[in-house]
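Following: one structure in structure tokens, then a few remarks.
There are 2 protein chains.
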Amino acid sequence: MQAEPVDAKALHGGALTRTLARFVAHTQWRDVPVAVRNEAKRSLVNYFAVALAGAHDSTLDRAVAVYGRFRADESTTLAGRSERTDMLNAAALNAMSANVYDFDDTHIPTIIHPTAAIAAALFALAESHPMSGKALLLAFVLGVDVACRIGNAVSPEHYQRGWHITSTCGVFGAAAAVAKARGLDEDAIVWALGNASVQTGGLVETLGTMSKSISVGNAARNGLLAALLAEDGFSGPDAPLEGDRGFLRVSASHPKWNALTEGLGREWELLKNTYKPYPCGVVLNPVIDACLDVRRGARWSLNDIEQIELKGHPLLRERTDRPGVRTGRESQVSAQHAVAVVLARGKAGLDEFSDAAVADPSLRMLARRLRFIDDLSWPVESAQVTIVLRSGERIAHRVHAARGSLAAPLANGELADKLHQLAAYGRSGVDTHALIERLWNFETEHDAAAVMRLARARTTS
Amino acid sequence: MQAEPVDAKALHGGALTRTLARFVAHTQWRDVPVAVRNEAKRSLVNYFAVALAGAHDSTLDRAVAVYGRFRADESTTLAGRSERTDMLNAAALNAMSANVYDFDDTHIPTIIHPTAAIAAALFALAESHPMSGKALLLAFVLGVDVACRIGNAVSPEHYQRGWHITSTCGVFGAAAAVAKARGLDEDAIVWALGNASVQTGGLVETLGTMSKSISVGNAARNGLLAALLAEDGFSGPDAPLEGDRGFLRVSASHPKWNALTEGLGREWELLKNTYKPYPCGVVLNPVIDACLDVRRGARWSLNDIEQIELKGHPLLRERTDRPGVRTGRESQVSAQHAVAVVLARGKAGLDEFSDAAVADPSLRMLARRLRFIDDLSWPVESAQVTIVLRSGERIAHRVHAARGSLAAPLANGELADKLHQLAAYGRSGVDTHALIERLWNFETEHDAAAVMRLARARTTS
Numbered sequence: 001m002q003a004e005p006v007d008a009k010a011l012h013g014g015a016l017t018r019t020l021a022r023f024v025a026h027t028q029w030r031d032v033p034v035a036v037r038n039e040a041k042r043s044l045v046n047y048f049a050v051a052l053a054g055a056h057d058s059t060l061d062r063a064v065a066v067y068g069r070f071r072a073d074e075s076t077t078l079a080g081r082s083e084r085t086d087m088l089n090a091a092a093l094n095a096m097s098a099n100v101y102d103f104d105d106t107h108i109p110t111i112i113h114p115t116a117a118i119a120a121a122l123f124a125l126a127e128s129h130p131m132s133g134k135a136l137l138l139a140f141v142l143g144v145d146v147a148c149r150i151g152n153a154v155s156p157e158h159y160q161r162g163w164h165i166t167s168t169c170g171v172f173g174a175a176a177a178v179a180k181a182r183g184l185d186e187d188a189i190v191w192a193l194g195n196a197s198v199q200t201g202g203l204v205e206t207l208g209t210m211s212k213s214i215s216v217g218n219a220a221r222n223g224l225l226a227a228l229l230a231e232d233g234f235s236g237p238d239a240p241l242e243g244d245r246g247f248l249r250v251s252a253s254h255p256k257w258n259a260l261t262e263g264l265g266r267e268w269e270l271l272k273n274t275y276k277p278y279p280c281g282v283v284l285n286p287v288i289d290a291c292l293d294v295r296r297g298a299r300w301s302l303n304d305i306e307q308i309e310l311k312g313h314p315l316l317r318e319r320t321d322r323p324g325v326r327t328g329r330e331s332q333v334s335a336q337h338a339v340a341v342v343l344a345r346g347k348a349g350l351d352e353f354s355d356a357a358v359a360d361p362s363l364r365m366l367a368r369r370l371r372f373i374d375d376l377s378w379p380v381e382s383a384q385v386t387i388v389l390r391s392g393e394r395i396a397h398r399v400h401a402a403r404g405s406l407a408a409p410l411a412n413g414e415l416a417d418k419l420h421q422l423a424a425y426g427r428s429g430v431d432t433h434a435l436i437e438r439l440w441n442f443e444t445e446h447d448a449a450a451v452m453r454l455a456r457a458r459t460t461s
Numbered sequence: 001m002q003a004e005p006v007d008a009k010a011l012h013g014g015a016l017t018r019t020l021a022r023f024v025a026h027t028q029w030r031d032v033p034v035a036v037r038n039e040a041k042r043s044l045v046n047y048f049a050v051a052l053a054g055a056h057d058s059t060l061d062r063a064v065a066v067y068g069r070f071r072a073d074e075s076t077t078l079a080g081r082s083e084r085t086d087m088l089n090a091a092a093l094n095a096m097s098a099n100v101y102d103f104d105d106t107h108i109p110t111i112i113h114p115t116a117a118i119a120a121a122l123f124a125l126a127e128s129h130p131m132s133g134k135a136l137l138l139a140f141v142l143g144v145d146v147a148c149r150i151g152n153a154v155s156p157e158h159y160q161r162g163w164h165i166t167s168t169c170g171v172f173g174a175a176a177a178v179a180k181a182r183g184l185d186e187d188a189i190v191w192a193l194g195n196a197s198v199q200t201g202g203l204v205e206t207l208g209t210m211s212k213s214i215s216v217g218n219a220a221r222n223g224l225l226a227a228l229l230a231e232d233g234f235s236g237p238d239a240p241l242e243g244d245r246g247f248l249r250v251s252a253s254h255p256k257w258n259a260l261t262e263g264l265g266r267e268w269e270l271l272k273n274t275y276k277p278y279p280c281g282v283v284l285n286p287v288i289d290a291c292l293d294v295r296r297g298a299r300w301s302l303n304d305i306e307q308i309e310l311k312g313h314p315l316l317r318e319r320t321d322r323p324g325v326r327t328g329r330e331s332q333v334s335a336q337h338a339v340a341v342v343l344a345r346g347k348a349g350l351d352e353f354s355d356a357a358v359a360d361p362s363l364r365m366l367a368r369r370l371r372f373i374d375d376l377s378w379p380v381e382s383a384q385v386t387i388v389l390r391s392g393e394r395i396a397h398r399v400h401a402a403r404g405s406l407a408a409p410l411a412n413g414e415l416a417d418k419l420h421q422l423a424a425y426g427r428s429g430v431d432t433h434a435l436i437e438r439l440w441n442f443e444t445e446h447d448a449a450a451v452m453r454l455a456r457a458r459t460t461s
């Protein structure tokens, strides 16, 4: 499919939204390259890992209680929990679970975490509207393409300004994915995107607080609702994306129009997706790797450390310079906490970014010794940690491509390990071996919802 | 209550959000001036008028059908309809009804339509959580103040850019109102505003389409949910409004910080609220008045008209230059249609802005004769219509303050007439005399929800 020329008339008439809608309507499984199919399955393995870990966070306990007062039925599974709820609530709550620890996937060009909203919407749908694994994978791939292309078009200004891009663009992805899974035609997909375009809330200001989970949940729930409304004839504008007062212009000063449709069907956004080895903001990954390297075979003790230097692109400092954090959630975006806890404990799992870890006074003392050194010439993907000992000795390690980056992706086995470990952390009693086995062969499933039922908590905690 | 000084430290620390929250938490009925109390009741009369009219629009039929699949219970009334639904759905659907014809109220400085979202959220709450009329009125007044102050702080850029300010700011008003009605303390009100801050979708691009109703409904539903979540301990950031990446900065380049808190408790935003005599974009009101005046005692017929000139501030043209509209909804923001239909029929009710009226070929012909004349020196409140006859004769009328403007507000009797007429249009069989009687004495009601039950459809249409 060719990108259409972008001129003022095309923008006004909605040619870009229509081109995207046509792509979603007409793309078939056979059009999806093998590498993209595989990445879809890797994204789903990672999705279940993070959803099973987050399912019993206190944020989820509270959300399940309040949302549960408004559940229409018990048709739909909550990953890692024993309660059931209705389709819309399940979409919201499962997306929250998958994102609450900031341990989910990252589309590198935009920093969108695409899978939480889109997979949660699709699996919720699948429990009431049976579909094959293949159909769900196809819808997922297309939903990610739509969300991330919209994200590309408004980046980097959109996130820098303060819009939580995972939420604001995720709702379009969920809408497109559900529209595909429901077999909507081109017109109805345009409506679904229009119905999504009025539900794009989410603020960076709320990172590290429970509020953030609301907008991630809404991206799934409202994207699903947007498509169901469109299916029932609830219509929207012709150009919800590119119109004069459409989403792109209101949320970015200079949208990159071409990003919406250029290379459609040839370049797949899912191939730019990555999976985190650590439950932190993605820019902290090379910092953690560097700390692990510095610590390896150390002949010094923590008390010997006079100062810690963290060198990187200024963006690293801007995103992570958070001393004195008070909660586990805040610690996930704090370089001070990450450096201290990894140097002290030699690992970086969920326990290291918990309320308990944050309360550890020895870590707080260590954290105070960190100082940032900006270097605009460094790529964002790299970071260097140097510890300066009281003896004057300096021990430095620089990381050029962190584990889990596009240059050093997690292997399938590492993703499977992540699922085992996070499911154990969530204590849900899920048979992760069976779950992983079926996910790696997901395109052969007759009933996509079967894996969701496998992800239900076996304990009654 | 004094506005606190606005400096960088205060912004970062959340002093503005906290000042607003404290105001909401501590203001009592005795603190609300009589004029404000009366305006609250006038707003509610207008609310029931528009909700009863819109309840059976096809947008509502579709929304009720889809949302109805996800209703937890039947605790809550839908104004003008016979179905019942749960609290969250009712908040959404009643707000949609009240706004679907663009016939609701307008806060002049921001063009926010404040009552739809806030009243819908409060009445939905009242059916499950009994409160007095006085308690509802107090919560309503405070919710309007919060929504409109936030609107003042981001205007005019916010709407001009394309954010549908009724939706984006309405969610804060609904959250604050419900928080007050539930008796939340200062901290929890800050959380409620934080939980609202991630749910601020809504685009001007969708005006005239069904999509717009989704975000107006969401403002009510999600504001209500934001407060219920906060009540259950779902916490948010300290500075959701004024933080570096809070709502004000992401949605306006130069927020007017002082607008949030200056004159709090002395200047009431509700006193800047107005009620439409015609179901159109508010800038069309003086145009319609001028057409009615031009037509009064006319000795010409439509065939004599060579050209129609519409003179006004350029904003009038920018907002309403919409030739060739295709639906009743679009016609509500089309000067071409408004001028044609009013000159032809001498009235401007819902029938004049319907799909049927738009399809009338004689009106389309007349509409093509309109041309705009911009005059930057004219206030937005005024407009002049001139018809140029084939004979060369020119008949002009200029309106300085339209009926329903702050300078020429609708009288209580006119608001009551509006309610009678619109209820009749909606064919819901509601006893509007009883309803109006109780609304004018609403501060004496023991059970606020009683008037909502009166507004239920008596027919089974």
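These protein sequence lines are chains A and B, in that order. Its first residue numbered 1, the first sequence is counted upward by one per residue in our numbering. Its first residue numbered 1, the second sequence is counted upward by one per residue in our numbering. C-beta: ideal position from N, C-alpha, C; glycine also.
Output yes or no for whether 8 Å exceeds the beta carbon distance between F123(A) and A177(A). Against the first sequence, residue 123(A) aligns to sequence position 123. Against the first sequence, residue 177(A) aligns to sequence position 177. Result no, Cβ atoms of F123(A) and A177(A) do not sit closer than 8 Å.
Rounded straight-line distance, which links the Cα of T110(A) to that of S155(A): In the first sequence, residue 155(A) corresponds to position 155, counting from 1. In the first sequence, residue 110(A) corresponds to position 110, counting from 1. Cα-Cα distance, rounded: 6 Å.
Span separating the alpha-carbon of A3(A) from that of S377(B): Along the first sequence, one-based indexing puts residue 3(A) at 3. Along the second sequence, one-based indexing puts residue 377(B) at 377. Reliability of the predicted coordinates at A3(A) is poor, the pLDDT of 40 falling under 50, and no value is obtained from them.
Give a yes or no on whether the minimum CB-CB distance between Q199(A) and chain B is below 8 Å. One-based indexing of the first sequence puts residue 199(A) at position 199. Chain B contact via Cβ: present.
In this structure, what does DSSP give as the bridge partners for Q384(B)? Residue numbering aside, residue 384(B) sits at position 384 when the second sequence is read from its first letter. Q384(B) is bridged to K311(B), R398(B).
Pairwise C-alpha distance: A21(B) and N258(B): Here residue 258(B) corresponds to residue number 258 of the second sequence, with the count starting at 1. Here residue 21(B) corresponds to residue number 21 of the second sequence, with the count starting at 1. Answer to the nearest angstrom: the Cα atoms are 15 Å apart.
I want to check one thing, is the minimum distance from the CB of P409(B) to the heavy atoms of the ligand SAH below 7 Å? No copy of the ligand SAH appears in this structure; indeed no ligand is present at all.
Find the nearest neighbour of L350(A) within the set G324(A), M131(A), E318(A), G54(A), judged by alpha-carbon distance. Start at 1 with the first residue of the first sequence, and residue 350(A) comes out as number 350. Comparing Cα positions, the closest option is G54(A).
If you measure between the beta carbons of R398(A) and A298(A), is that distance less than 8 Å? As a position in the first sequence, residue 398(A) is number 398, starting the count at 1. As a position in the first sequence, residue 298(A) is number 298, starting the count at 1. Pairing R398(A) with A298(A) gives a Cβ-Cβ distance that is not under 8 Å.
What are the boundary residues of the beta strand (DSSP E) that L370(A) is part of? By one-based count along the first sequence, residue 370(A) stands at place 370. Judged by DSSP secondary structure, L370(A) falls within the beta strand (DSSP E) whose first and last residues are 370-374.
Kindly indicate which three-state DSSP category A408(B) falls into: helix, strand or coil? Translated into positions along the second sequence, residue 408(B) becomes position 408. DSSP places A408(B) in coil when its eight states are reduced to three.
List, in chain order, every chain B residue whose beta-carbon is nearer than 7 Å to that of R250(A). Counting from one through the first sequence, the residue named residue 250(A) turns up at place 250. First, the amino acid is wrong: residue 250(A) is Val here, not Arg. R161, G162, W163, L203, listed in chain order.
Excluding the five sequence neighbours on either side, which residues of its own chain have a C-beta within less than 7 Å of the C-beta of D185(B), listed in chain order? Reading the second sequence from its first residue, position 185 is the one you call residue 185(B). Take D185(B), set aside five residues on each side of it, and the residues of its chain with a beta-carbon closer than 7 Å to its own are A25, in chain order.
Given R249(B), which residues of its chain have a CB within under 7 Å of its CB, disregarding the five upstream and five downstream residues? Here residue 249(B) refers to the residue found at position 249 when the second sequence is read from its first residue. Around R249(B), the same chain offers P255 as residues with beta carbons nearer than 7 Å, after the five sequence neighbours per side are excluded.
6 Å Cβ shell around H167(A) - same chain, five flanking residues per side excluded: Walking along the first sequence from the start, residue 167(A) turns up at place 167. First, the residue type needs correcting, since residue 167(A) is Ser and not His in the sequence shown. The residues are G202, S215, V216, A219.
In terms of DSSP beta bridges, what is W472(A) paired with? No answer is possible for residue 472(A): it lies beyond the span of chain A, which begins at 1 and ends at 461.
Among K134(B), D57(B), A192(B), which has the Cα closest to the Cα of V36(B)? The sequence position of residue 36(B) within the second sequence is 36, counting from 1. Closest by alpha carbon: K134(B).
Mind pulling the chain B residues with CB within less than 9 Å of A239(A)? The residue labelled residue 239(A) in the question sits at position 239 within the first sequence. The contacting residues are E205.
So, are the CB atoms of G170(A) and G223(A) less than 8 Å apart? Within the first sequence, numbered from 1, the residue matching residue 170(A) stands at position 170. Within the first sequence, numbered from 1, the residue matching residue 223(A) stands at position 223. Yes, these two residues count as a Cβ contact at 8 Å.
Any beta carbon of chain A sitting closer than 8 Å to that of G54(B)? For this step, residue 54(B) is matched to residue 54 along the second sequence. No - not a single Cβ of chain A is within 8 Å of the one on G54(B).
Does H446(B) pass the burial test, meaning 16 or more other C-beta atoms within 10 Å, or should it be called exposed? Along the second sequence, one-based indexing puts residue 446(B) at 446. The residue is exposed, with fewer than 16 neighbouring Cβ atoms inside 10 Å.
Would you give the residue range spanned by the alpha helix (DSSP H) that M87(A) belongs to? On the first sequence, position 87 is the one that residue 87(A) refers to. In the DSSP assignment, M87(A) falls within the unbroken alpha helix (DSSP H) covering 87-99.
Under 8 Å between C-beta atoms of A181(B) and A117(B): Walking along the second sequence from the start, residue 181(B) turns up at place 181. Walking along the second sequence from the start, residue 117(B) turns up at place 117. Not a contact, by the Cβ cut-off of 8 Å.
Run through DSSP, which three-state label would I111(B) get? Along the second sequence, read from residue 1 onward, the residue named residue 111(B) stands at position 111. Coil.
Could you tell me which residues DSSP pairs with I305(A) in its beta bridges? As a position in the first sequence, residue 305(A) is number 305, starting the count at 1. I305(A) pairs with L389(A).
Between which residues of its own chain and S213(A) is the CB-CB distance below 6 Å, once the five residues before and five after are set aside? Here residue 213(A) refers to the residue found at position 213 of the first sequence. Answer for S213(A): T59, M96, V100, listed in chain order.
Could you list which residues in chain E have their beta carbon closer than 7 Å to that of G194(A), in chain order? Among the chains of the structure shown, chain E does not appear; the protein chains present are A and B.
Nearest chain A C-beta to N218(B) closer than 8 Å, yes or no? Taking the first residue of the second sequence as 1, we reach residue 218(B) at position 218. Closer than 8 Å to some Cβ of chain A, the Cβ of N218(B) qualifies, so yes.
Of the choices G265(B), P33(B), R427(B), whose alpha-carbon is the least far from that of S82(B)? Translated into positions along the second sequence, residue 82(B) becomes position 82. Cα-wise, what sits closest to S82(B) is R427(B).
Counting only the same chain and skipping the five closest in sequence on each side, list residues whose C-beta sits under 6 Å from that of L422(B). Sequence index remark: in the second sequence, residue 422(B) carries index 422 (1-based). Excluding positions up to five away in sequence, the list reads A49, L52, A53.
Local Cβ density within 10 Å of E242(A), reported as buried at 16 or more and exposed below that: By one-based count along the first sequence, residue 242(A) stands at place 242. It is buried - the Cβ of E242(A) has at least 16 other Cβ atoms within 10 Å.
8 Å Cβ cut-off: residues of chain A touching G246(B): Position 246 of the second sequence, counted from the start, is the residue given in the question as residue 246(B). For G246(B), the chain A residues whose Cβ falls inside 8 Å of its Cβ are G162, L203, E205, in order along the chain.
Buried or exposed: which applies to P114(B), given that a residue is buried once 16 or more other Cβ atoms fall within 10 Å of its Cβ? Residue mapping note: residue 114(B) aligns to position 114 of the second sequence, counting from 1. Burial call: buried.
Does any residue of chain A bring its CB to less than 8 Å from the CB of D86(B)? In the second sequence, counting from the first residue as 1, residue 86(B) sits at position 86. Yes, D86(B) counts as interfacial toward chain A.
Between the region 312-329 of chain B and the region 364-381 of chain B, do three or more beta carbon pairs fall short of 8 Å? Enough Cβ pairs lie closer than 8 Å, so yes.
Alpha carbon to alpha carbon, how far is L284(B) from T320(B)? Give it in angstroms, no decimals. Translated into the one-based positions of the second sequence, residue 320(B) becomes position 320. Translated into the one-based positions of the second sequence, residue 284(B) becomes position 284. Distance between the alpha carbons of T320(B) and L284(B) is about 8 Å.
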